[in-house]
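In our numbering, the protein residues as written are 6 to 636.
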Amino acid sequence: MGEDTVPRSGLISHRPKVGRLARPYRCTEDCIRDLDKTGQLIRVQEEVSPYLEMAELTRRVYKAGGPALLFEQVSGTPFRSVSNLFGTVDRGRYIFRKTLSSVKAAVRFKADVRTAFTSLKNLFSLPLAALHSLPIYTRSAPVLACETTVSKLPQIVSWPLDGGAFITLPQVLSEDPEEPGLLNTNLGMYRIQLSGNDYQVEKEVGLHYQIHRGIGIHHAKAIKQNHPLKVCIFVGGPPAHTFAAVMPLPEGLSEVIFAGMLAGRNFRFKKWRGYQIAAEADFCLVGTIDPYETKPEGPFGDHLGYYSLTHDFPYMKVEKVFHRKNAIWPFTVVGRPPQEDTTFGRLIHEISSPMVPVEIPGLKELHAVDEAGVHPLLLAIGSERYVPYRQRIPMELLTQANAILGFNQCSLAKYLLIVAEEDKPDLSTHEIEVFFVHLLERIDLTRDIHFQTRTTIDTLDYSSQELNFGSKVVFAAAGPKIRELATEIPQHLSVPFEKAKMVMPGVCAVESPTFSDDYDQARAQVKSFCAEVNPDQWRAIPLIVLVDDVQFCTADLANFLWLTFTRSNPSEDIYGVQEFVENKHWGTYGSLVIDARFKPHNAPPLIESEAVNKRVDQIIDNNPQLDRLLN
Numbered sequence: 006m007g008e009d010t011v012p013r014s015g016l017i018s019h020r021p022k023v024g025r026l027a028r029p030y031r032c033t034e035d036c037i038r039d040l041d042k043t044g045q046l047i048r049v050q051e052e053v054s055p056y057l058e059m060a061e062l063t064r065r066v067y068k069a070g071g072p073a074l075l076f077e078q079v080s081g082t083p084f085r086s087v088s089n090l091f092g093t094v095d096r097g098r099y100i101f102r103k104t105l106s107s108v109k110a111a112v113r114f115k116a117d118v119r120t121a122f123t124s125l126k127n128l129f130s131l132p133l134a135a136l137h138s139l140p141i142y143t144r145s146a147p148v149l150a151c152e153t154t155v156s157k158l159p160q161i162v163s164w165p166l167d168g169g170a171f172i173t174l175p176q177v178l179s180e181d182p183e184e185p186g187l188l189n190t191n192l193g194m195y196r197i198q199l200s201g202n203d204y205q206v207e208k209e210v211g212l213h214y215q216i217h218r219g220i221g222i223h224h225a226k227a228i229k230q231n232h233p234l235k236v237c238i239f240v241g242g243p244p245a246h247t248f249a250a251v252m253p254l255p256e257g258l259s260e261v262i263f264a265g266m267l268a269g270r271n272f273r274f275k276k277w278r279g280y281q282i283a284a285e286a287d288f289c290l291v292g293t294i295d296p297y298e299t300k301p302e303g304p305f306g307d308h309l310g311y312y313s314l315t316h317d318f319p320y321m322k323v324e325k326v327f328h329r330k331n332a333i334w335p336f337t338v339v340g341r342p343p344q345e346d347t348t349f350g351r352l353i354h355e356i357s358s359p360m361v362p363v364e365i366p367g368l369k370e371l372h373a374v375d376e377a378g379v380h381p382l383l384l385a386i387g388s389e390r391y392v393p394y395r396q397r398i399p400m401e402l403l404t405q406a407n408a409i410l411g412f413n414q415c416s417l418a419k420y421l422l423i424v425a426e427e428d429k430p431d432l433s434t435h436e437i438e439v440f441f442v443h444l445l446e447r448i449d450l451t452r453d454i455h456f457q458t459r460t461t462i463d464t465l466d467y468s469s470q471e472l473n474f475g476s477k478v479v480f481a482a483a484g485p486k487i488r489e490l491a492t493e494i495p496q497h498l499s500v501p502f503e504k505a506k507m508v509m510p511g512v513c514a515v516e517s518p519t520f521s522d523d524y525d526q527a528r529a530q531v532k533s534f535c536a537e538v539n540p541d542q543w544r545a546i547p548l549i550v551l552v553d554d555v556q557f558c559t560a561d562l563a564n565f566l567w568l569t570f571t572r573s574n575p576s577e578d579i580y581g582v583q584e585f586v587e588n589k590h591w592g593t594y595g596s597l598v599i600d601a602r603f604k605p606h607n608a609p610p611l612i613e614s615e616a617v618n619k620r621v622d623q624i625i626d627n628n629p630q631l632d633r634l635l636n
């Protein structure tokens with residue numbers, strides 16, 4: 006089977022039966038019926054608690070590459086819930102089977118007009134996509150049929166230390182206060198805390214949005230006008246609306262246009278008391294954000310595999326909660342990758358990859374590594390086109406690296422590894438170990454490491470001691486091999502560094518003493534390690550990673566990526582054997598050393614509840630379909 010049919014990390018892929026789609030999905034129920042008819046849905050009729058149980062069952066089914074889950078009885082709420090809708094890439098393609106090709110053609114057309122004329126299929130699919138792109142007003146709004154309250158919504162808690170219940174697949178719509186109108190709205194996915202902390206029950210919900218998010222521009226304008234910002238939070242509706250909320254579109258391009266194209270059905274709006282209501286959503290919460298007020302939000306088990314801790318964020322004062330008849334509440338579970346958001350990432354890459362070389366000339370490929378938590382690690386392939394007549398060194402690659410770190414949400418990356426296409430034209434960023442080996446064979450550690458310090462990083466990344474602020478580093482490599490990489494450890498190290506194991510050619514993990522509360526002492530331990538390493542003997546191992554548990558780190562590539570790049574802040578945690586600073590440039594004559602030990606300022610990792618696991622075992626045993634899938 007090819008890469009397109011096999012999800013990452015060995016997940017099982019069940020290729021769906023193709024059902025007849027008479028018309029585009031208008032709501033979650035339409036999608037559920039279609040998946041049910043084609044064997045892509047399991048109904049859970051036993052009552053299940055939204056506190057940890059639904060999330061744990063979803064994680065297990067996702068890991069098995071299983072179908073969507075419809076929870077017919079959720080404790081504490083009259084509403085049904087569905088999870089794992091996008092649990093496999095094949096199911097995501099199935100849900101958008103009528104429109105995905107035309108959306109891809111439209112993106113390719115934007116990247117290169119000539120692609121429209123390469124085939125009749127491309128040429129005729131463009132008008133079809135455009136036909137459904139513009140949002141339209143409607144008098145009928147099924148979402149306004151019924152009212153409820155915040156506490157009656159499914160109160161889903163995913164991890165034991167979460168600060169309350171959260172909406173995990175929201176579509177948050179805000180309108181530009183200075184230039185109102187449908188095409189000046191932002192539809193984003195920002196987590197919503199429904200309960201806990203200091204929120205007034207039924208009246209307030211937390212709205213956590215991070216830096217470099219579209220709603221922030223609208224919030225800033227509301228502050229300038231000193232007016233509350235009207236916000237709508239939608240849940241459900243056509244699945245394309247959910248996908249559009251997570252799609253990283255260029256600034257100025259409305260998500261509602263993309264949603265209509267992908268849905269094959271124009272995004273339908275209705276005005277209600279000054280709010281722009283998505284008429285076909287399953288649920289809608291409307292209210293306002295005060296331009297200045299914040300309240301503590303969190304903690305929340307997030308996609309880096311750790312908790313994002315409690316911090317002050319805006320909150321919404323809830324005016325009304327609406328829902329359509331027989332509404333279904335879609336949700337997802339995030340945690341250490343891979344999870345369902347991995348599928349979102351794969352589909353986003355399929356759709357948007359033609360735009361990469363257009364947005365950044367010379368860039369051939371870009372991969373945000375899911376196993377490393379997405380934002381911490383980017384792999385890129387660029388080009389050294391301009392000086393072909395002499396030996397290549399990273400020159401144009403550095404221009405491309407700077408462009409990447411200023412491009413959309415790539416600006417949140419910490420580690421950017423970039424190599425030249427000319428050295429290996431068939432190299433892929435998705436063959437991660439091959440990419441690492443290629444780079445480590447060529448990188449000059451005295452010249453090719455470039456830092457940015459005191460800059461922005463992901464809000465969810467706690468490798469730095471200050472929220473949103475950390476550092477970045479670029480590793481660039483171009484030209485012929487300068488070293489053969491070792492596959493064996495060349496030197497026996499003394500206590501406490503005697504436990505060491507190779508991760509891959511050229512990369513070694515070393516178990517080290519626990520990082521103490523005395524930061525100076527902990528850093529001195531790394532310095533003593535660097536002093537012990539013989540640079541001549543370790544020349545063929547350019548990268549050494551210090552970890553708490555060498556067996557865990559080397560058990561598989563995913564563990565190495567997760568530990569190394571989520572638990573290190575480049576400027577604080579990169580060392581070198583015989584390091585130096587010359588004209589403000591840092592380099593090392595010997596091996597590069599990354600301190601990836603768990604540190605006191607790191608957020609705690611996600612750990613499941615044993616009691617909940619036992620209860621979920623019972624639910625599985627009571628459901629024949631789940632039992633066949635998971636036992």
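Virtual Cβ for every residue (Gly too), placed ideally from N, Cα, C. Only a predicted model underlies this, so the values are computations on that prediction, with no experimental measurement involved.
DSSP places GLY193 inside the beta strand (DSSP E), whose first and last residues are 190-193. Between the alpha carbons of ALA286 and PHE327 lies a gap of roughly 10 Å. Here HIS590 carries a strand assignment [DSSP, helix/strand/coil]. Put simply, the segment 571-581 touches the segment 471-479. At least three CB pairs are less than 8 Å apart. ALA560 has no beta-bridge partner at all, per DSSP. Contact between GLU345 and GLY44 is ruled out by a C-beta separation of about 19 Å, above the 8 Å threshold. Pairing GLY168 with GLY303, the inter-Cα distance amounts to about 5 Å. Per DSSP, reduced to three states, the secondary structure at CYS36 is helical. Cβ contact annotation for THR104 (same chain, cutoff 6 Å, sequence separation greater than five): LEU267, GLY269, in chain order. Separation of GLY581 and GLY511 (C-alpha to C-alpha, rounded to the nearest whole angstrom) is 15 Å. Ranking LEU166, PHE239, LYS226 by CA distance to the CA of LEU158 puts PHE239 first.
ILE454 is a Cβ neighbour of LEU597, given a cutoff of 9 Å.
In this structure, DSSP gives LYS226 a helical state, which the three-state scheme calls helix.
Between the segment 217-227 and the segment 179-198 there are three or more inter-stretch CB-CB distances shorter than 8 Å, so the stretches are counted as touching. Between VAL531 and ASP449, the alpha-carbon positions lie close to 22 Å from each other. The C-beta of ASP523 has fewer than 16 other C-beta atoms within 10 Å across all chains shown, which makes the residue exposed.
In this structure, the CA atom of PRO253 is about 48 Å from the CA atom of HIS497. GLU426 and PRO233 have their C-alpha atoms roughly 50 Å apart. Cβ-Cβ separation between MET59 and PHE76: approximately 6 Å, consistent with a contact (criterion under 8 Å). Apart from the 5 residues on each side of it in sequence, TRP567 sits with its Cβ closer than 8 Å to the Cβ of GLY310, ARG341, PRO342, GLU376, ALA377, GLY378 in its chain, given in chain order.
Using a Cβ distance threshold of 9 Å, TYR142 and PHE274 count as a contacting pair. The closest CA to that of PHE570, considering only GLU51, ALA608, ALA225, TYR420, is found on TYR420. Within the segment 463-500, the runs of beta strand (DSSP E) at least 3 residues long that lie entirely inside it are, in chain order, 474-482. With respect to the 9 Å criterion, PRO243 and ASP41 are not classified as neighbours on the basis of their beta carbons. Under the three-state reduction of DSSP output, LEU75 falls in the strand class. Considered as a whole, the segment 263-344 harbours 273-277, 280-283, 288-294, 300-302, 316-318, 320-328, 333-336 as its complete beta strand (DSSP E) runs of no fewer than 3 residues, in chain order. In the DSSP assignment, PHE585 is bridged to GLY592. The segment 528-544 makes no contact with the segment 347-367, as fewer than three CB pairs between them are under 8 Å. Under the 10 Å beta carbon count, GLN78 is surrounded by fewer than 16 other beta carbons and is classified as exposed. Judged by DSSP secondary structure, GLU51 falls outside any beta strand (DSSP E); it is assigned neither H nor E. A Cβ-Cβ contact shorter than 9 Å links LEU199 with ALA170. By the neighbour-count criterion, in which 16 or more other beta carbons inside 10 Å mark a residue as buried, VAL261 falls on the buried side.
About 4 Å separates the beta carbons of ILE161 and PRO55, which is inside the 8 Å limit, making them a contact pair.
Ranked by Cα distance from GLU587, the options THR451, LYS506, THR33 are led by THR451.
Per DSSP, the continuous beta strand (DSSP E) segment holding HIS372 begins and ends at 370-373. Taking all protein chains in view, the Cβ of PRO485 is surrounded by fewer than 16 other Cβ atoms within 10 Å, so the residue is classified as exposed.
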